[in-house]
Amino acid sequence: MKIFNTLTNHKEPFVPLVPSRVGIYVCGVTVYDECHVGHARSAIVFDVLRRYLMYRGYQVTYVKNFTDVDDKIIKRAADEGITCDTVVGKYMHAYSRDMKRLGVGIPDVEPRATEHMSDIIRMIQAILDKGLAYRIDGDVYYRVSDCPAYGRLSRRPVADMQAVARVEVDTRKHDPMDFSLWKAAKPGEPAWDSPWGRGRPGWHIECSAMSVRHLGATFDIHGGGKDLIFPHHENEIAQSCTATGQAFARYWVHHGFVTIDEAKMAKSLGNFFTVREIVEQSNCPEPVTAEVLRYFLLSTHYRGDVNFAPAPMAAAKAALDNIYDLFIRLSEPPRHDSAPGTSFRNTLTAFQKTFEEAMDDDLNTPRVLAECQHLRAEVNQGQQGLSREERRDVRETFRRCGAPLGLFQLDEHTWSFRELSFGAASCRTAADQDCTDEWIQEQIQQRAQARAQQAFAIADSIRETLASRGIILEDRPDGSTRWKR
RNA sequence: GGCGCCGUACCCAAGUGGUUAAGGGGGCAGUCUGCAAAACUGUGAUUCAGCGGUUCGAAUCCGCUCGGCGCCUCCA
């Protein structure tokens, strides 16, 4: 498998430190608000990486942290007149709820900064002991000028950054580029005891401490959004290497942004959609909407930006409808139970090989989806001649290759074929819920009778009534009728 | 100002040195159907922002220009 490494700026063969074992650390969310589509993309990209490595037979340890002490949390708590603990509890819960909705697997470890204070303090002390940090009034800063490798990940010369630093510089710092490892406590803020007085950790140090704690000083993959390359990941490397005296993460994996009208989706710009509103205000069942979002996000390569909009979401829905439509036809008994042919088995074997080639090539999910659609067309062409066993094999192939992507796992009869849309106006109506399978069968019976008597006006009105409640009818060649929601 | 990414058909999007430039959406036409729906068939870029260069050969490598975006400050 090849994976693009930000550290070298190249696609490289992935070789883990310990054969057949992989350690992954991903920078998680700061829990101060609902998570939006950008967070969903991050979670889904690394969920796919993790699952595919497992598909490839690796034993994966996946660590994704919660940042639960931070300026934004403190501000949120102050704004709402509640405690930081309440804010943290509320949004950790919201995050886990949304990840479950999206079918994102729970990481093996979900460490929290506040539960690793001793690791953090020990790491800061190690950096101080080596002379690469200094203390000012209860704060501790990392001295960037003494770290020769600084700037390697983000490929920017330290001198250039200093020249045009737009940050309001804390004049007490020895150098504008130096960053804080420990912040002295301010009144009313969460604080912990340390050798430098009460205070709280700087943002970057928590990830260094937690990754080293759970995966060791040197581990395989460290990931996050590309906005974290500088300064967050650059600083993590500096701190960790200084503290442990060993190499830090070996492969750095960064994904692109979700954009709205081509502009980065961000809390500060206010141009974001939360996972919650997308799932709850959709007129499709939750698992269906979630799979559409996944398909949409995976239809662009993970390193590129992906523009979130109704039209491409609708396109993803239509593409998935085609696949689940095939699954329904495959679930029906064959017209003639012919003997399985070897050429068809070869088709499935070739597909799986192509799937693996595409995934091995830096997770080329757009190509995987194209191959899935190609297979769908191929199966549709010969569908009627397939044996019971071959039909089962097709469904099984989609299920197996779809598993690392989190796609094609739903039962075809629970899929919803209605148009996907958002907003209150298009929400599921109460009337839809009243359509029991029995009632639908009854309607289909009545329509069949009408058709038999050539009473097409009656037959069509029944079909329209069902359609208005989201029930779609399809007449088969043998005279029977298939329905779907 | 520094660093970096992107520009492929109506829309989305793979391909990044070599037979006919994947796939999806949408459009149009046909088969099927009482009519539909679904499925299937046919129909799409002599061309990859523009201009130069390297090469036997470039969407793919190099240079420049134009256009869009991101990071340098919290950020997935």
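In this text, residue positions in the first sequence follow numbering that gives the first Met the number 0: the first is 0, and each later residue adds one. Cβ coordinates follow ideal geometry from the N, Cα and C atoms, glycine included. All of these numbers come straight from a predicted model, not from anything done at the bench.
1. Per DSSP, D138 is paired with what?
2. Would a C-beta distance cut-off of 7 Å place L131 and T217 closer than the cut-off?
3. Return yes when the C-beta of N282 is under 6 Å from any heavy atom of the ligand FAD, and no when it is not.
4. Name the two residues that bound the continuous alpha helix (DSSP H) containing Y323.
5. Of the choices E370, E276, V28, V62, whose alpha-carbon is the least far from that of V68?
6. Candidates L319, F247, D138: which alpha carbon is nearest K172's?
7. Thinking C-beta only, is V25 closer than 7 Å to K1?
8. First and last residue of the beta strand (DSSP E) that includes R100?
9. Go through its chain and collect everything with a Cβ distance to D118's Cβ below 8 Å, but skip five positions before and after it.
10. Please report the residue range of the alpha helix (DSSP H) in which N345 lies.
11. In the DSSP assignment, find the unbroken beta strand (DSSP E) run with Y61 in it and report its ends.
12. Name the residue from N345, F354, F307 whose alpha carbon lies nearest to the alpha carbon of A402.
13. Which of the three DSSP states is assigned to N234 in this structure?
14. Along the beta strand (DSSP E) that carries G22, what are the first and last residues, could you check?
15. How long is the line joining the alpha carbons of Q408 and L48, rounded to whole angstroms?
16. DSSP three-state label for L180, please.
17. In terms of residues, what are the limits of the alpha helix (DSSP H) holding W202?
18. Would you give the residue range spanned by the alpha helix (DSSP H) that T464 belongs to?
19. Taking just the CA atoms, how far does R387 sit from D478?
20. Let me make sure I understand the geometry here. Which of G80, L362, A315, R111 has the alpha-carbon closest to that of E290?
21. Looking at R328: is its Cβ nearer than 7 Å to the Cβ of Q382?
22. Using a 10 Å radius around the Cβ and a threshold of 16 neighbouring Cβ atoms, would you call D70 buried or exposed?
On the basis of the coordinates in this document:
1. I135
2. no
3. You won't find the ligand FAD in this model; it holds no ligand whatsoever.
4. 309-330
5. V28
6. D138
7. no
8. That residue, R100, is in no beta strand (DSSP E); its alpha helix (DSSP H) goes 83-100.
9. A208, M209, V211, R212
10. 341-359
11. 58-63
12. F354
13. helix
14. 20-25
15. 18 Å
16. strand
17. 202-214
18. 455-467
19. The sequence shown places Gly at residue 478, rather than the Asp named in the question. Approximately 21 Å between the Cα atoms of the pair.
20. A315
21. yes
22. exposed
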